[in-house]
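Okay, so here's the structure we're looking at.
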Ligand SMILES: Nc1ncnc2c1ncn2[C@@H]1O[C@H](COP(=O)(O)OP(=O)(O)OP(=O)(O)O)[C@@H](O)[C@H]1O
Ligand SMILES: [Mg+2]
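In our numbering, the protein residues as written are 978 to 1485.
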């Protein structure tokens, strides 16, 4: 067991108390405290916008707080700038690296260093040697004479840390240092962090990756909405401890979500009820949910969570093992025909293999699901009118409805498939990755189409792997994990952090 110095208050290296900071109307920090001990890696956890960076920027002298005290090694400071903080041994390493790309590694490490400035003629040989000593301390094998700009991003970040050491920093603040690193690069950064920690440096670490926090931290402080929530040593902390504190308030709302959604959405009809649906493969492992008319529900989850399997089971593409599906209170059987009759229609995830017949015309693709139905006999001209109606409504760009589908752009092909599904007059339109491989313009158009369909009262369930898309189009966010529904959150309550927590099984 290594001895960790300093849990005693007298040993506190940094003490921040009563820190508040407003940016115009935004109260970024409200009476926040933070204590840092020598020789610890202290993770600052919190959702986006909780105030983590603001707190570090205040400590590092980048910005000033409105109120509060910053005490470094027993002395109160109000750092007017970064240099003043560095003089007291506090260095903030932000994502916007402050290195000068054209200068050498050694020059950057000692840039603005007191000794260098004072020496009239700078002895770069000595500087390089001193730089090598620091790099050795970090077990880094980097040529000190090459321009920093030629190094990969992860090494540049390490050079910034070396620079902090050149300034004899005893407090190093790392704001999301891993966000653009590859896993092996993260590992070497962690080695450097551990090395410094063992030398007694206090390190603050910020990351949105749960795995990283749990791996590296000795202690945690959690912020939420600009407030201090809790602080604890790593021994008592696991992912649910963190998530509860980061999202506690919202979590309370989740519990009620399934109860309150219906009430919160007056005028919406409870359209589809899925109860403990299971498929034969077990990939869909007891999903229950309710979908409403006029609503877009976004289904998020990681690859392999069972989202595609779920929607395919819903429309009878996959064998149902157990559970029930009801549309407007009427039981729906497990075949594709049952699903279509009940008004469930799926735009599958892989257009090329599952839905689009590329050599067939736009007209034939669009009518593929509805033409065979014996109850709708139609003439060629009636068909043409229907197809042109959809081409208009969904603004499908094609010169000729009898041209092969493959002559259309991906976005327009997708619109044809959506039209095909709408042509059977569904009550619930399900889309699996509707904008995959589609450009931005067509994406926006598809979102617009979905919104206007929902406004007409259609219920829409859309599976997407892009959180941004989920947030952009959904009224409600559903999350699947390991074949089950792990969250059902109204859009206003949904945050990236919360969805990720649910997708990784941290919210049950
Ligand atoms: N310079 C600024 N001007 C205006 N508002 C700001 C500024 N800096 C931060 N804020 C606001 O203050 C709040 C806290 O932001 P901060 O960047 O500290 O959060 P964070 O916890 O670091 O979030 P993230 O995890 O997204 O990096 C946010 O609402 C943010 O929009
Ligand atoms: Mg930040």
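Glycine residues also receive a C-beta, built at the ideal position from the N, C-alpha and C atoms.
Owing to the predicted nature of the structure, the values given are computational and were not obtained by experimental measurement.
Check                                                                                                             : Outcome
Burial state of residue 1465, where buried means 16 or more other Cβ atoms lie within 10 Å                        : buried
Near ligand 1: residue 934 beta-carbon under 7 Å from a heavy atom                                                : As shown, the chain starts at 978 and ends at 1485. That puts residue 934 outside it, with no answer to give.
Limits of the beta strand (DSSP E) - the one that residue 1418 falls within                                       : No beta strand (DSSP E) holds residue 1418; the alpha helix (DSSP H) holding it covers 1417 to 1432.
Exposure of residue 1044, with buried meaning 16 or more beta-carbon neighbours within 10 Å                       : exposed
Contact under 8 Å by Cβ, residue 1087 with residue 1068                                                           : no
C-alpha distance - residue 1038 paired with residue 1032, whole-angstrom precision                                : 10 Å
Beta-carbon proximity check, residue 1159 vs residue 1076, cutoff 8 Å                                             : no
By C-beta, the residues closer than 6 Å to any heavy atom of ligand 1, given in chain order                       : 1000, 1003, 1005, 1023, 1025, 1026, 1027, 1028, 1029, 1030 and 1031
Whole-angstrom C-beta distance between residue 1169 and residue 1189, which should lie under 8 Å                  : No, residue 1189 and residue 1169 are not in contact; Cβ-Cβ is about 14 Å, not under 8 Å.
Contact set for residue 1217: own chain, Cβ-Cβ below 8 Å, skip 5 residues either direction                        : 1483
Pair within 8 Å by beta-carbon distance, residue 1251 and residue 1181                                            : no
Proximity of residue 1423 and residue 1431 at Cβ, strictly below 8 Å                                              : no
Helix, strand or coil at residue 1146 according to DSSP, with G and I counted as helix                            : coil
CB of residue 1456 within 8 Å of CB of residue 1463, strictly                                                     : yes
Residue 1465 beta carbon near ligand 2 (any heavy atom closer than 7 Å)                                           : no
Validate contact between the region 1382 to 1399 and the region 1301 to 1315 using beta carbons, cut 8 Å, 3 pairs : no
The region 1053 to 1060 / the region 1005 to 1018 touching (three or more Cβ pairs under 8 Å)                     : no
Heavy atom of ligand 2 within 7 Å of residue 1202 beta-carbon                                                     : no
contact_flag[the region 1362 to 1382, the region 1308 to 1328] where n(CB pairs < 8 Å) is 3 or more               : no
Residue from 1370, 1341, 1372 and 1371 whose Cα sits closest to the Cα of residue 1357                            : 1341
Residue burial classification, residue 1339 (beta-carbon count within 10 angstroms, cutoff 16)                    : buried
Contact test: residue 1152 Cβ vs ligand 3 heavy atom, cutoff 7 Å                                                  : Within the structure as shown, ligand 3 is missing, the only ligands being ligand 1 and ligand 2.
Environment of residue 1081 [buried if 16+ CB atoms lie within 10 Å]                                              : buried
Cβ-based burial, residue 1147 [other Cβ within 10 Å; buried from 16]                                              : buried
N-terminal and C-terminal residue of the alpha helix (DSSP H) that residue 1160 is part of                        : 1160 to 1175
Of the residues 1426, 1009, 988 and 1445, the one placed nearest residue 1200, counting alpha carbons only        : 1009
The region 1406 to 1419 in contact with the region 1276 to 1288 per 3-pair CB rule at 8 Å                         : yes
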